[in-house]
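Using the working numbering, you'd call the opening residue of the sequence shown number 4 and step up by one each time.
Glycine included, each C-beta is placed from N, C-alpha and C at the ideal position.
This report refers to the structure that appears directly beneath it.
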Amino acid sequence: MKHFFLASILAGALALPAAAADYTIMAPAAPGGGWDQTARSLQQVMQAEGISGNVQVVNVPGAGGTIGIAQFASQQKGNPNALIVGGYVMVGAILTNQSPVTLADVTPIARLTGEYEAIVVPTNSEIQNIGQLVEMLKADPGSVSWAGGSAGGTDHIGAGLIAKAAGVDPTKINYIAYSGGGEALAAILGGQVTVGISSYGEFQAQVAAGTLRLLAVSSAERIEGADAPTLKESGLDVVLQNWRMVAAAPGLTDEQKAAVTADIEKLAKSAGWQETLKTKNWQDTYLVGDAFEEQLAKDIAATEAILKDIGLVK
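Shown next as structure tokens:
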């Protein structure tokens, strides 16, 4: 009877599904921003979909994510329950801040989402299309003032790539960095700058309201609902995506990395995550495994090249 009882307990235990891992996700930025929103969306969906029983989010802001990634890499080595979100902005920040800790010091798992850049002018601007803007750039690069986010960020890189593709010296672009999207938008609408560049989502409401004119987008193909050409079809060989990713701790075993990847795969394919993408108006650019690592290497190399061209990296 005793043996039967023990065997019954053992059989019951074996029949139970494996316990979902608990995760702590670092958002290497202040609450409210894109990386924080990504981390908290992961938290919500992973718990709601039963991928993880308990997910905590911690914020470590500063220096474009380089403070957070340095702390993560040093404190979480070998921890299969630690994740960090990041993105394209971090690639530039690592280079411009000469950070000793890079994305090579963590374990990239997957690219999750992406936003494409939009180039806009106020509707009362004399600039009607991207071709006219390019002609102004060619005639006098300094006469075209660009409003965007932080120096060395995606917006700055986008302006530099457009100049380079147009045959203009990127070091001569007149880029004005604003700390927040609201400040940049006010400068654009107020006519304090020639043109604005930021993620399409930042300008979407003003474009729809008719206060901004959308000249072009930086996607490979036209964005659904956006009445504007891509830079590529306008003759500028530029495709730029401000993507967000999730990475695991350094020093994981192959089995641990596979388990984390499987959980992120479940998340990406879940109904809850697909609904989150729609609600947040995020582009689904999911890329995982070797394909993501290869794309990441290409993005790092391209970013280093343009930041050197702009003069922000030696």
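Three-state secondary structure assigned by DSSP to S148: Here residue 148 corresponds to residue number 145 of the sequence shown, with the count starting at 1. In the structure shown, S148 sits in a strand (DSSP, three-state: E or B).
Element boundaries [alpha helix (DSSP H), containing T306]: Here residue 306 refers to the residue found at position 303 when the sequence shown is read from its first residue. Start and end: G292 to I313.
For E120, the residue or residues it bridges with in DSSP: Here residue 120 refers to the residue found at position 117 when the sequence shown is read from its first residue. In DSSP, E120 forms a bridge with S202.
Spatial distance of I112 from M29 (CA atoms): Locating residue 112 in the sequence shown gives position 109, counting from the first residue. Locating residue 29 in the sequence shown gives position 26, counting from the first residue. Answer to the nearest angstrom: the Cα atoms are 14 Å apart.
Cutoff 8 Å; reference K80; Cβ partners in own chain excluding five residues on either side: Position 77 of the sequence shown, counted from the start, is the residue given in the question as residue 80. A252, P253 and G254, listed in sequence order.
Classification of K272 by the beta-carbon crowding that lies within 10 angstroms, buried from 16 upward: The residue given as residue 272 occupies position 269 in the sequence shown. Its Cβ having fewer than 16 others within 10 Å, K272 is exposed.
Beta-carbon gap between W38 and V88 smaller than 7 Å: The sequence position of residue 38 within the sequence shown is 35, counting from 1. The sequence position of residue 88 within the sequence shown is 85, counting from 1. Yes; because the gap between Cβ atoms is below 7 Å, this pair is in contact.
Test item: CB-CB of A168 and D266 under 7 Å: Working through the sequence shown from its first residue, we reach residue 168 at position 165. Working through the sequence shown from its first residue, we reach residue 266 at position 263. Not a contact, by the Cβ cut-off of 7 Å.
Local conformation of T126 per DSSP, three classes: Here residue 126 refers to the residue found at position 123 of the sequence shown. Residue state, collapsed to three classes: coil.
Through-space distance from E227 to T279, alpha-carbon basis: In the sequence shown, counting from the first residue as 1, residue 279 sits at position 276. In the sequence shown, counting from the first residue as 1, residue 227 sits at position 224. Going by the C-alpha atoms only, they are around 18 Å apart.
Range covered by the beta strand (DSSP E) that runs through Q59: Counting from one through the sequence shown, the residue named residue 59 turns up at place 56. That run of the beta strand (DSSP E) goes V58 to N62.
G34, buried or exposed, once every other Cβ within 10 Å from all chains shown has been counted against 16: Indexing the sequence shown from 1 puts residue 34 at position 31. In the sequence as presented, Gly is not what sits at residue 34; that position holds Pro. With fewer than 16 Cβ atoms within 10 Å of its Cβ, P34 is classed as exposed.
Candidates D172, T41 and A23: closest to D285 by CA position: Position 282 of the sequence shown, counted from the first residue, corresponds to residue 285. Contrary to the premise, residue 285 reads as Trp rather than Asp in this sequence. Ranking D172, T41 and A23 by Cα distance to W285 puts T41 first.
Simplified DSSP state of P173, which is helix, strand or coil: On the sequence shown, position 170 is the one that residue 173 refers to. The answer is helix: DSSP assigns P173 an H, G or I state.
Residue range of the beta strand (DSSP E) that includes W38: Locating residue 38 in the sequence shown gives position 35, where the first residue counts as 1. Counting along the chain, W38 falls outside any beta strand (DSSP E), though it belongs to the alpha helix (DSSP H) covering G37 to A51.
Of the listed residues K317, I191, Q59 and Q298, nearest to G90 (C-alpha basis): Counting from one through the sequence shown, the residue named residue 90 turns up at place 87. Considering only alpha carbons, the answer is Q298.
Expected contact under 8 Å - CB spacing of Y178 and A121 to nearest Å: Numbered from its first residue, the sequence shown carries residue 178 at position 175. Numbered from its first residue, the sequence shown carries residue 121 at position 118. About 16 Å separates the two Cβ atoms, so there is no contact after all.
Length of the line joining the Cα atoms of L98 and N245: Looking up residue 98 in the sequence shown gives position 95. Looking up residue 245 in the sequence shown gives position 242. When rounded, the distance between both Cα atoms is 16 Å.
Chain-order list of residues whose beta-carbon lies under 8 Å from that of Q277 (same chain, five-residue window excluded): On the sequence shown, position 274 is the one that residue 277 refers to. The residues are D287.
Outcome for T116 when other beta-carbon atoms lying within 10 angstroms are tallied against a minimum of 16: Here the question's residue 116 lines up with position 113 in the sequence shown. Counting Cβ neighbours within 10 Å, T116 comes out buried, since at least 16 surround it.
Q74 - DSSP class collapsed to helix/strand/coil: Position 71 of the sequence shown, counting from 1, holds the residue named residue 74. Looking at Q74 - three-state DSSP - the assignment turns out to be helix.
Minimum C-alpha distance to D312 - residue among R247, I160, T264 and G194: Your numbering for residue 312 matches position 309 in the sequence shown. Residue I160 is the option with its Cα nearest to D312.
Beta-carbon proximity list for V147, same chain, < 8 Å, skipping 5 on both sides: By one-based count along the sequence shown, residue 147 stands at place 144. So the list reads L136, M139, L140, I176, N177, T197 and V198, once near-sequence residues are dropped.
Buried/exposed call for Q209, threshold 16 Cβ in 10 Å: The residue given as residue 209 occupies position 206 in the sequence shown. Buried, because 16 or more other Cβ atoms sit within 10 Å of the Cβ of Q209.
Contact between the region 50 to 61 and the region 256 to 270 (3+ Cβ pairs under 8 Å): yes
V63 versus Q131: straight-line alpha-carbon distance, rounded: Here residue 63 is taken as the residue at index 60 of the sequence shown, counted from 1. Here residue 131 is taken as the residue at index 128 of the sequence shown, counted from 1. Cα to Cα, V63 sits roughly 42 Å from Q131.
7 Å Cβ cutoff met for G134 and S201: For the purposes of this step, residue 134 is taken as residue 131 along the sequence shown, with counting starting at 1. For the purposes of this step, residue 201 is taken as residue 198 along the sequence shown, with counting starting at 1. For G134 and S201, no; Cβs fall outside 7 Å.
Beta-bridge partners of V249, as assigned by DSSP: Residue 249 sits at position 246 when you count from the first residue of the sequence shown. Partner(s): V88 and A113.
For E258, the nearest candidate out of P83, A223, Y289 and G68 (CA to CA): Taking the sequence shown and counting its residues from 1, the one referred to as residue 258 is at position 255. The candidate whose alpha carbon is nearest that of E258 is P83.
Nearest to V48 (by Cα), restricted to the options G292, L315 and T282: Here residue 48 corresponds to residue number 45 of the sequence shown, with the count starting at 1. If we check each option's Cα against that of V48, T282 comes out closest.
DSSP beta-bridge partners of M29: In the sequence shown, counting from the first residue as 1, residue 29 sits at position 26. In DSSP, M29 forms a bridge with V61 and I87.
Closest by C-alpha distance to S222, when choosing among L243, A229 and G213: One-based indexing of the sequence shown puts residue 222 at position 219. Taking only the C-alpha atoms, the option nearest S222 is L243.
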